[in-house]
Amino acid sequence: MIRLNLTALLYSNKNIELAYKAKKYCREVSINLINASDFVDLTLKVIELKPQLVFFDLTTVKLEKEIMQLFVSKGEYFIPNIVLIYEKKEQLLEYESFSLSAITLCQLEGMLIREEKNFILNATLSEKEKQDSYYIINEVNTHLFSMGFSPKHIGYAYLLEAIKIVMKKNGVVGSLNNEVYPIISAKFGTTISNVERNIRNAILCAFYCYEQKHNKNTFNLFELFQTKPTNREFICIYTEQMIGHFLKEQHKFVNN
14 MIRLNLTALL YSNKNIELAY KAKKYCREVS INLINASDFV DLTLKVIELK
64 PQLVFFDLTT VKLEKEIMQL FVSKGEYFIP NIVLIYEKKE QLLEYESFSL
114 SAITLCQLEG MLIREEKNFI LNATLSEKEK QDSYYIINEV NTHLFSMGFS
164 PKHIGYAYLL EAIKIVMKKN GVVGSLNNEV YPIISAKFGT TISNVERNIR
214 NAILCAFYCY EQKHNKNTFN LFELFQTKPT NREFICIYTE QMIGHFLKEQ
264 HKFVNN
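All letters in the sequence shown, in the order written, are residues 14 to 269 by our numbering.
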């Protein structure tokens, strides 16, 4: 298993069982999990390590709304992916005003009774957000199918997740290896190398299908590439095209 260049933080106060479960899960998907026991320790590690993922254990610690705003806003303390682990709904009242596309919710009881490999972090969305999300995913699916992609290919699911992640970042992403693939590998319980390889295979299969069945009367995104596109080239250009489409449709993208 390849080791990821990804560091995650767990901000919790002596929740030994949670720390054990979280560390074991992260180790299996090659994520380096580091504990932060107090707020000063947390802020120092956020600045020094620049983690892509931070778990906040709301059952043992509390963050004021103004502090959370620092973490979700672009700046020195920005955290790309935040997971709020809670036990009672009341513990989330402080953060109701924050966009759920920036924060994932995970109920403590459900997390602890699952096996580690099935520990998936799912966002809790309002019905309106779900409707918008389903619309966007259906649009992306329909478009990818028309380009020759097949949902039977395991890389298709990974590619779809990558597109969703990059769209949530408004098309601005640094390294796929650091910012995108680790999230997908964690969700599907696989390795980053497997994610990268299968996305590559899915793109190549669709590209070869396009070359064989090319119809000059129908526009295909592959026409923008003179040679086989890399993962980054395809994901970034495709996302840019789709964001433009959805802006025209005036639909807001949310995390699924």
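From the three backbone atoms N, C-alpha and C, an ideal C-beta is built for every residue, glycine too.
- F69: not part of any alpha helix (DSSP H); member of the beta strand (DSSP E) spanning 66-70, first to last residue.
- In this structure, F162 is the residue among F162, C249, M180, L237 with its C-alpha nearest to the C-alpha of N211.
- Annotation: the continuous beta strand (DSSP E) that includes L97 extends over 94-99.
- Just so you know, the alpha carbons of V74 and F91 end up roughly 19 angstroms apart.
- Within the stretch 160-228, the runs of alpha helix (DSSP H) at least 4 residues long that lie entirely inside it are, in chain order, 167-181, 189-192, 194-201, 205-226.
- Boundaries of the beta strand (DSSP E) around T20: 20-24.
- Following the DSSP letters along the chain, one finds L76 in no alpha helix (DSSP H), marked with neither H nor E.
- Going by DSSP, I29 is part of the alpha helix (DSSP H) stretching over 29-41.
- Look at I250 here: in three-state DSSP terms it is helix.
- The shortest CA-to-CA distance from L83 to any of K177, K101, L55 is the one to L55.
- When the five nearest sequence neighbours on each side are left out, the beta carbons in the same chain lying within less than 7 angstroms of the beta carbon of L76 are those of F69, in order along the chain.
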